[in-house]
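Contents: one structure, followed by commentary.
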Amino acid sequence: MIQRIQSVYLLVVTILLIVCMCTPVGAYIAEDYSVSKFTNLCIVSADGVKDYAPWAMFVILVVAALLSFTTIFMFKKRMLQIRMTIFSTILLVGYYATLITFIFMLKDDSMTFSASWTLCLPFVAIILNWLAIRAIGKDEVLVKAYDRLR
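Basically this note's numbering = 1-based index in the sequence shown + 1.
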C-alpha cells in the first residue's frame, strides 16, 4: 500500500534530494577572499562566470530522486522495490565519490573548499533508504506468512 512507512521514507528521500539539488554544496575561497559558489550544476565564480563542469552530480541526484519517487508506487512488487532502493543508495554513494573527485579536480592550489550543510542530505537519504529496505522486507515476510496460512 502507498500509506506504508517505507513510502514515507522514500518520499522524504525524494524531498531531501530535491533540496540538495537546488542549494549550493559549498564554496571555494581564494586567498584574496573571493568566493566561488559550488553547486551541483555549476560553479559560479566571484565575477559571475558560470562553469558547468560538475553537471554529473546534478544528473546523479535527479536520477536518484526520480528512482525514489517511482519506487513508492511499486508497492505490489516488493522485491523490485528493494532492488530499486538499493540502486538508489548505490547512486548516492557514487554521488559522494563524484563530489570528492570534483572538489579536488576543480580546486586551485590557492583555494580552500568550505562545505555547506547540504552535504549531509544525501547521507540522510542513504539512511532513510536503508530504513525503507528494512520496512519493505518486513512487508514481504508478512505477505509470505499470510500466503502460507491460506
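Note that CB positions come from ideal geometry on N, CA and C, so glycine has one too.
Check whether residue i and residue j have beta carbons under 8 Å apart
i           : j           : result
residue 26  : residue 117 : yes
residue 106 : residue 30  : no
residue 134 : residue 72  : no
residue 137 : residue 4   : no
residue 10  : residue 92  : no
residue 28  : residue 37  : yes
residue 44  : residue 33  : no
Bridge partner(s) assigned by DSSP for residue i
i           : result
residue 52  : 44
residue 139 : For residue 139, which the question treats as bridged, DSSP gives no partner whatsoever.
residue 36  : 30
Same chain, Cβ closer than 6 Å to residue i, neighbours up to 5 away in sequence not counted
i           : result
residue 103 : 55
residue 148 : none
residue 69  : 11, 14, 15, 89
Where the beta strand (DSSP E) containing residue i begins and where it ends
i           : result
residue 31  : Looking at the DSSP string, residue 31 is not in any beta strand (DSSP E), and its letter there is neither H nor E.
residue 26  : Note, residue 26: premise wrong, no beta strand (DSSP E); not H, not E.
residue 115 : 113-116
Limits of the unbroken alpha helix (DSSP H) element including residue i
i          : result
residue 84 : 79-107
Cβ separation of residue i and residue j, assumed to be a contact under 8 Å, to the nearest whole Å
i           : j          : result
residue 61  : residue 24 : So it is not a contact: roughly 16 Å between Cβ atoms.
residue 120 : residue 66 : Contact flag wrong, Cβ pair sits at about 16 Å.
Own chain residues within Cβ distance below 7 Å of residue i, not counting five before or after
i          : result
residue 40 : 25, 26
Proximity test, residue i beta-carbon vs the ligand ADP heavy atom, cut-off 7 Å
i          : result
residue 40 : The model on display carries no ligand, and the ligand ADP is accordingly not part of it.
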